[in-house]
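Undergrad: The structure under discussion is supplied below as structure tokens; questions concerning it will follow.
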Amino acid sequence: MRNIPIIAFSCSLVISIFSYAYADNDVTDYLNVNYSGMIVGNPSGNEYDTSTALDDIPGNKISGLTIYYNGHYLTGLKVDYLYGDSVLAGSDSSTATSITLAPNEYITSGSLYRTFDDDSFVSGFIFNTSEGNSYDLGKTSGDVAGSGFTMYESYSGEVYGYVIMGFKGTSDGSALNSISLVYGYPLELEYSGIEFDDNVTLGSATNAFLADSVGINATSAEQSTQVSVTYSKTDSSTDSYSSTAGISETMGISVSTEAKTDAIVSVSEKWEYSYSIALAYSETVGSSETESSSTSYTDSATMNIPAKSIYAMRRVVYSSTASFPYTITYTNPWDNAEFTVKGSIENATAVSSYNEWLEIGYVKDDGTYYLDPNYTDDYGDIVPSTSSTSALLSSDSSSTSIDDSGATTATLSELNINITSLDEENSNWIMSDDEIQFRQENGITD
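Following the working numbering from start to finish, the sequence shown increments by one per residue and tops out at 475.
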């Protein structure tokens, strides 16, 4: 419990507000409540404390009140809380009158009234709220006495201040004998933003997809062509929270899928690979969401073929798992405290794509094609024995879609291959330095 200076006057209570920041930035700090020294009514009867229904859920608040009034005094008071709990003090045997507060509406000032007789029961209330509403409940005029209270609604023009979180007092079971105030800082989290980390944890490549094609450049200048691979695979990822600053799923604090999508797209240009579009997004802080879908992908890139050259070409796609960590920031406008929530999209698919090439022949001065005998078995059916009228002939065997079940539907294409078979030391295929580095970093190279 925090020690808050209370300045008491003869018939009113003013609670002085000071700027306060929670050092650990944990929403559970807001479960602390304070009890005022002002008691209205007589202290006989059994004690009640409606704030026990805050139920250890940060951000819980009064959502509604019901008084039970017999025409002279209150026989009971029921306090409803945002997350479903309610507490009845006294008896609900008399006429009921209820009010409902909006999710962002709090009691900030008012008066508590008691009867003048010897029993001095609680007779009624006037409550003013942060939304400018005023509620007059029970008997608040005539032969009654009132004690006012005020929560400062602002501090330095920014901080709103304390609000009523519940009531404490006594009841003999048939009347509300006494009442006092329970107050504290409300927690009303506002979304400030989300950022994905620049550095992403990339798991080992689990499989690779590739497709071959042959390009023949019969011209005297370098020519370019497209090399591509089309494949289908099932992606499954899970979005969960590792650090929530005390925010639980029950609180319903959320960040939209659109916000996460925009954030990951904005940072993705800093990554050296592409990521799957089948990402799971958990919108409620503290919850976990898994998404799985099968998607067809086509990965293409440009490859340059030197003059008078015949190249075998292939596009290789390494499929890995990745973790995309992020940080979400929320602000409580009541005291300007900031809270950071950390999460990660796990087991998402990240792909790294590279071109590989192999010089398998050349174009003679007379325009005929020479195919290296070492590659006759592989490419003899692809490379024609006579010249073509095209300046650049590209025979792409990956035009047919292939799935990741191991089936092969194109003559020169392999899908879901043993990735260690693509080793730069035991293959004539030429890999880029980037691909060699990627394979080394992911333990692919023998």
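Even for Gly, the Cβ is constructed at its ideal location relative to N, Cα and C.
Could you tell me which residues DSSP pairs with T356 in its beta bridges?
TA: Locating residue 356 in the sequence shown gives position 327, where the first residue counts as 1. DSSP output for T356 lists E224, K371 as bridge partner(s).
Undergrad: Given L387, which residues of its chain have a CB within under 7 Å of its CB, disregarding the five upstream and five downstream residues?
TA: Against the sequence shown, residue 387 aligns to sequence position 358. Hits under 7 Å: Y340, A341, N457, W458, I459.
Undergrad: Would the stretch 307-323 and the stretch 196-216 be scored as touching if the rule is three or more Cβ pairs under 8 Å?
TA: No, because fewer than three Cβ pairs between the stretch 307-323 and the stretch 196-216 fall closer than 8 Å, the two stretches do not touch.
Undergrad: Could you give the distance in angstroms between the alpha-carbon of Y408 and the alpha-carbon of V392?
TA: Here residue 408 refers to the residue found at position 379 when the sequence shown is read from its first residue. Here residue 392 refers to the residue found at position 363 when the sequence shown is read from its first residue. Approximately 15 Å between the Cα atoms of the pair.
Undergrad: Candidates S200, V69, N89, E76: which alpha carbon is nearest V56's?
TA: For the purposes of this step, residue 56 is taken as the residue at position 27 of the sequence shown. Out of S200, V69, N89, E76, N89 has the C-alpha closest to the C-alpha of V56.
Undergrad: Take the Cβ of T437 as the centre, count every other Cβ of all protein chains shown within 10 Å, and call the residue buried at 16 or more, exposed below.
TA: Mapped onto the sequence shown, residue 437 falls at position 408. Caution is warranted here: a pLDDT of 23 is assigned to T437, below 50, making its placement in the model unreliable, and no coordinate value can be reported.
Undergrad: Grouping DSSP H, G and I as helix and E and B as strand, with all else coil, what is L106?
TA: Working through the sequence shown from its first residue, we reach residue 106 at position 77. Looking at L106 - three-state DSSP - the assignment turns out to be strand.
Undergrad: For Y112, which three-state DSSP category applies?
TA: Position 83 of the sequence shown holds residue 112. Coil, per DSSP.
Undergrad: Keeping to the same chain, check which residues put their C-beta closer than 7 Å to that of G93; ignore five residues upstream and five downstream.
TA: By 1-based counting over the sequence shown, the position of residue 93 is 64. Answer for G93: D109, S127, I128, T129, L130, listed in chain order.
Undergrad: Thinking C-beta only, is G315 closer than 8 Å to E278?
TA: Stepping through the sequence shown from its first residue, residue 278 is reached at position 249. Stepping through the sequence shown from its first residue, residue 315 is reached at position 286. Yes, Cβ-Cβ distance for E278 and G315 is below 8 Å.
Undergrad: Are S138 and T144 touching if we call contact CB-CB under 8 Å?
TA: On the sequence shown, residue 138 is found 109 positions in, with the first residue counted as 1. On the sequence shown, residue 144 is found 115 positions in, with the first residue counted as 1. Not a contact, by the Cβ cut-off of 8 Å.
Undergrad: For E464, is the classification buried or exposed, using 16 other Cβ atoms within 10 angstroms of its Cβ as the cut-off for buried?
TA: Along the sequence shown, read from residue 1 onward, the residue named residue 464 stands at position 435. Looking at its Cβ environment, which holds 16 or more other Cβ atoms inside 10 Å, E464 is buried.
Undergrad: Going by the beta-carbon positions, is the gap between N61 and E217 smaller than 8 Å?
TA: Working through the sequence shown from its first residue, we reach residue 61 at position 32. Working through the sequence shown from its first residue, we reach residue 217 at position 188. Contact: no.
Undergrad: If you run the structure through DSSP and keep just helix, strand and coil, what is E278?
TA: In the sequence shown, residue 278 corresponds to position 249, counting from 1. Here E278 sits in helix by DSSP.
Undergrad: Cα separation between Y64 and Y77?
TA: Taking the sequence shown and counting its residues from 1, one reaches residue 64 at position 35. Taking the sequence shown and counting its residues from 1, one reaches residue 77 at position 48. If you take the alpha carbons of Y64 and Y77, they lie about 13 Å apart.
Undergrad: Mapping the DSSP letters down to three states, classify L130 as helix, strand or coil.
TA: Position 101 of the sequence shown holds residue 130. The answer is coil: DSSP assigns L130 none of H, G, I, E or B.
Undergrad: On the CB-based measure, 16 or more other CB atoms within 10 Å of its CB, does P335 come out buried or exposed?
TA: Indexing the sequence shown from 1 puts residue 335 at position 306. Under this definition P335 is an exposed residue.
Undergrad: Can you grab the Cα-Cα spacing for the pair S461 / V256, in whole Å?
TA: Against the sequence shown, residue 461 aligns to sequence position 432. Against the sequence shown, residue 256 aligns to sequence position 227. C-alpha separation (whole angstroms): 15 Å.
Undergrad: Measure the CB-CB distance between T124 and Y98 and report whether it falls below 8 Å.
TA: Residue 124 sits at position 95 when you count from the first residue of the sequence shown. Residue 98 sits at position 69 when you count from the first residue of the sequence shown. In contact: T124 and Y98 (Cβ atoms closer than 8 Å).
Undergrad: Got a sec: does the ligand HEM put a non-hydrogen atom nearer than 7 Å to the Cβ of A341?
TA: The ligand HEM is absent from the structure shown, which contains no ligands of any kind.
Undergrad: Name the DSSP bridge partner or partners of R468?
TA: Walking along the sequence shown from the start, residue 468 turns up at place 439. BP columns for R468 are empty, so no partner.
Undergrad: Skipping 5 residues on each side, what residues in its chain have a beta carbon closer than 6 Å to that of V69?
TA: Within the sequence shown, residue 69 is the residue found at index 40, counting from 1. Excluding positions up to five away in sequence, the list reads L141, R143, S176, I208.
Undergrad: Could you say which of F150, V243, Y399 lies nearest to Y102 if we only look at CA atoms?
TA: The count along the sequence shown starts at 1 and reaches residue 102 at position 73. Comparing Cα-Cα distances from Y102 to each of F150, V243, Y399, the minimum goes to F150.
Undergrad: Among D84, M280, T267, D172, which one has its Cα closest to the Cα of T350?
TA: Locating residue 350 in the sequence shown gives position 321, counting from the first residue. Nearest of D84, M280, T267, D172 to T350, Cα basis: T267.
Undergrad: Could you tell me how far apart the beta carbons of T239 and V370 are, in whole angstroms, since I believe they sit closer than 8 Å?
TA: If you number the sequence shown from 1, residue 239 lands on position 210. If you number the sequence shown from 1, residue 370 lands on position 341. In the sequence as presented, Thr is not what sits at residue 239; that position holds Leu. Not really, about 40 Å apart at Cβ, beyond 8 Å.
Undergrad: Among the candidates E470, T290, S373, V284, whose CA atom is the shortest distance from the CA of Y359?
TA: For the purposes of this step, residue 359 is identified with residue 330 of the sequence shown, where counting begins at 1. Considering only alpha carbons, the answer is V284.
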